[in-house]
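In my numbering, the protein residues as written are 67 to 298. For glycine and all other residues, C-beta sits at the position ideal for the given N, C-alpha and C. Note that this is a predicted model, so its numbers are computed, not measured. See below for the structure under consideration.
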């Protein structure tokens with residue numbers, strides 16, 4: 067029936083490409099139409115946590131740390147419950163990572179405190195003797211970018227329908243105007259600064275009229291990785 071097609075390389079190639087394209091579209095289109103459903107109670111990142119996520123990406127933390135716990139007994143015993151797809155519903159881009167020079171961080175907020183992070187980022191070997199991670203002392207003096215973080219959160223709200231400013235939803239985060247968000251940003255940062263128990267960070271925050279450094283935002287983000295983002 068198709069012997070004529072087999073004898074004509076041009077038409078055979080065209081027919082192959084058409085069939086291949088149809089098969090590909092059948093596979094791809096449903097995935098584009100599906101939206102990832104967040105797990106029950108998952109809240110979006112605060113503006114401070116969003117700023118910390120930006121620091122995490124800027125410093126290339128995903129090159130050495132994954133954020134994906136697989137369903138292996140060894141991983142569950144070490145890092146906690148395996149990761150669920152719905153936990154990443156509000157993450158853009160995903161930060162799963164593909165290498166573990168350091169441990170997985172998807173549930174680091176459940177097992178490490180702010181002061182531990184503060185000491186670890188300043189001098190890693192002071193808390194992990196065999197650590198090969200470099201120190202990130204510049205994060206303790208560099209001011210965090212609030213405006214960009216607020217713009218990102220606003221984009222998530224308007225473009226991707228992430229639940230910011232949703233009345234009656236227990237896991238919604240109040241975003242508000244730029245001024246309101248900035249006030250909340252400083253309030254959230256003050257809590258992290260207090261928990262860090264770091265003299266230098268506290269001094270900068272107090273003497274700089276609430277100036278917030280990148281380390282504060284980064285620690286806020288790390289603290290959000292885990293059950294703290296699940297509103298019961």
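Taking C-beta separations shorter than 8 Å and ignoring five residues to either side along the sequence, the partners of residue 208 in its chain run 279 and 280, following chain order.
Counting only the Cα atoms, residue 121 lies some 19 Å from residue 178. Here the alpha carbon of residue 211 sits roughly 15 Å from the alpha carbon of residue 204.
Ranked by how close their Cα comes to the Cα of residue 236, the residues 214, 75, 282 and 297 have 297 in first place. Contact between residue 114 and residue 133 is absent: CB atoms are separated by about 19 Å, not below the 8 Å threshold. In this structure, the beta-carbon distance from residue 131 to residue 163 falls below 8 Å.
A residue is called buried when at least 16 other Cβ atoms come within 10 angstroms of its Cβ; residue 187 meets this threshold and is buried. Under the 8 Å Cβ criterion, the region 103-118 counts as touching the region 246-257, having at least three qualifying pairs. Contact check between the region 253-272 and the region 140-159: fewer than three CB pairs, one atom from each, fall below 8 Å, which does not count as touching.
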